[in-house]
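Have a look at the structure below before the remarks.
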Amino acid sequence: GGVDFGTAVHPLLETADPATWPLPGTPPEAARATWIADTLRRGGITIPEGAEGEALVAGTADLVGNALHTPLPELGPLAAVPAPRRRAEMGFMLRLGGERSDALIRVLADAGYATRLPRERRGQRLNGLMHGFIDLIVEQGGRFHVLDYKTNYLGPGREDYDAAGLREAMADHHYDLQYLIYLTAVHRYLGRRLPGYDPERHLGGAYYLFLRGMAPGGGGRGVYCDRPPTALIERLDALLDGAEVPA
Numbered sequence: 310g311g312v313d314f315g316t317a318v319h320p321l322l323e324t325a326d327p328a329t330w331p332l333p334g335t336p337p338e339a340a341r342a343t344w345i346a347d348t349l350r351r352g353g354i355t356i357p358e359g360a361e362g363e364a365l366v367a368g369t370a371d372l373v374g375n376a377l378h379t380p381l382p383e384l385g386p387l388a389a390v391p392a393p394r395r396r397a398e399m400g401f402m403l404r405l406g407g408e409r410s411d412a413l414i415r416v417l418a419d420a421g422y423a424t425r426l427p428r429e430r431r432g433q434r435l436n437g438l439m440h441g442f443i444d445l446i447v448e449q450g451g452r453f454h455v456l457d458y459k460t461n462y463l464g465p466g467r468e469d470y471d472a473a474g475l476r477e478a479m480a481d482h483h484y485d486l487q488y489l490i491y492l493t494a495v496h497r498y499l500g501r502r503l504p505g506y507d508p509e510r511h512l513g514g515a516y517y518l519f520l521r522g523m524a525p526g527g528g529g530r531g532v533y534c535d536r537p538p539t540a541l542i543e544r545l546d547a548l549l550d551g552a553e554v555p556a
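The sequence shown lines up with residues 310 to 556 when you count with our numbering.
Here's what the structure looks like:
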């Protein structure tokens with residue numbers, strides 16, 4: 310567990326071939342197990358000798374398998390999405406136009422998002438370029454969706470990863486602000502690169518995959534999804550760019 314483990318698992322999710330990854334509960338073959346162990350070690354994770362190390366590698370393989378083989382609303386399992394419709398670790402630079410952070414907090418709170426953001430820096434100006442990476446973008450049916458992998462530990466049972474548990478985790482960690490920024494970045498990108506771009510038709514939603522709670526037959530546990538109103542994304546785009554001062 311911990312942040313280091315989550316960071317170490319991300320390269321596996323970034324580079325794994327979804328179509329050939331084994332289902333959860335299937336022990337990884339020797340070559341895959343070695344690759345998993347080597348990737349974890351490069352991420353700073355110690356692999357114990359013997360059965361304990363084998364269990365760690367197999368458990369990590371299951372986490373990745375959960376992400377790739379659990380059906381997602383609208384998308385289905387990621388393992389079935391063709392490679393040309395997936396883009397992993399897409400970087401972005403989001404221009405900021407000098408708006409005050411309190412204006413952003415007010416807009417988000419009015420829409421029911423990021424309600425637990427700290428308010429100590431309300432006078433801070435949002436200037437410069439915001440740099441980030443989106444774990445995965447998937448195009449399905451002409452819509453572009455953003456996905457993020459989470460290895461957060463929410464409790465010992467899968468019931469800890471039901472809708473209520475996920476909402477609590479999303480609010481505690483301000484993940485809703487994170488995916489609103491991601492969607493705003495994708496909105497700007499598509500507006501410049503996709504001919505005839507219409508956010509109502511082309512901009513999809515956000516999927517946050519809590520790997521520890523997911524399972525192909527898990528009834529949707531561990532999967533948080535939201536499609537914010539297009540008007541909110543357009544307003545955030547204008548606000549972050551300094552083109553709108555909300556009342």
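From the three backbone atoms N, C-alpha and C, an ideal C-beta is built for every residue, glycine too.
Closest residue to residue i among the options (Cα-Cα distance)
| i | options | result |
| --- | --- | --- |
| Ala325 | Gly400, Leu426, Ala494 and His378 | His378 |
| Met399 | Gly526, Asp550 and Val447 | Val447 |
| Tyr462 | Met523, Leu321, Leu387 and Ala412 | Met523 |
| Ala376 | Pro465, Arg497 and Thr460 | Thr460 |
| Leu545 | Ala339, Ile490 and Arg409 | Ile490 |
| Pro391 | Gly353, Arg415, Thr329 and Gly441 | Thr329 |
Euclidean distance between Cα positions of residue i and residue j
| i | j | result |
| --- | --- | --- |
| Leu456 | Leu381 | 11 Å |
| Tyr484 | Phe401 | 17 Å |
| Asp550 | Asn436 | 9 Å |
| Gly500 | Leu486 | 21 Å |
| Ala339 | Asp371 | 15 Å |
| Asp347 | Gly407 | 44 Å |
| Asp507 | Glu323 | 29 Å |
| Phe453 | Pro337 | 32 Å |
| Val554 | Ile542 | With a pLDDT of only 49 at Val554, under 50, the local geometry of the prediction cannot be trusted, and no value is derived from it. |
| Leu445 | Ala388 | 13 Å |
| Leu475 | Pro320 | 24 Å |
Span of the alpha helix (DSSP H) around residue i
| i | result |
| --- | --- |
| Gln449 | Where Gln449 is concerned, there is no enclosing alpha helix (DSSP H), although the beta strand (DSSP E) it sits in stretches over Arg434 to Gln449. |
| Asp419 | Ser410 to Asp419 |
| Gly353 | Taken as a continuous stretch (DSSP letters only), Gly353 belongs to no alpha helix (DSSP H), as it is neither H nor E. |
6 Å CB neighbourhood of residue i in its chain, flanking five on each side removed
| i | result |
| --- | --- |
| Ala494 | Phe401 and Leu403 |
| Ala418 | Thr424 |
Cutoff 8 Å; reference residue i; Cβ partners in own chain excluding five residues on either side
| i | result |
| --- | --- |
| Arg530 | Arg467, Glu468, Tyr470, Asp471, Gly522, Met523 and Ala524 |
| Asp535 | Asp485, Tyr488, Gly514 and Ala515 |
Cβ distance (whole Å) where residue i is taken to contact residue j below 8 Å
| i | j | result |
| --- | --- | --- |
| Tyr488 | Ala515 | 4 Å |
Neighbourhood of residue i by C-beta distance below 7 Å, restricted to the same chain and skipping five residues each side
| i | result |
| --- | --- |
| Ile354 | Asp313, Phe314 and Ala317 |
| Gly527 | Thr379 and Arg467 |
| Ala556 | With a pLDDT of only 46 at Ala556, under the threshold of 50, the placement of this residue in the model should not be trusted; the figure read from the coordinates follows. Result list for Ala556: empty, nothing under 7 Å. |
N- and C-terminal bounds of the beta strand (DSSP E) containing residue i
| i | result |
| --- | --- |
| Arg544 | Here Arg544 belongs to no beta strand (DSSP E); instead the alpha helix (DSSP H) covers Thr539 to Leu549. |
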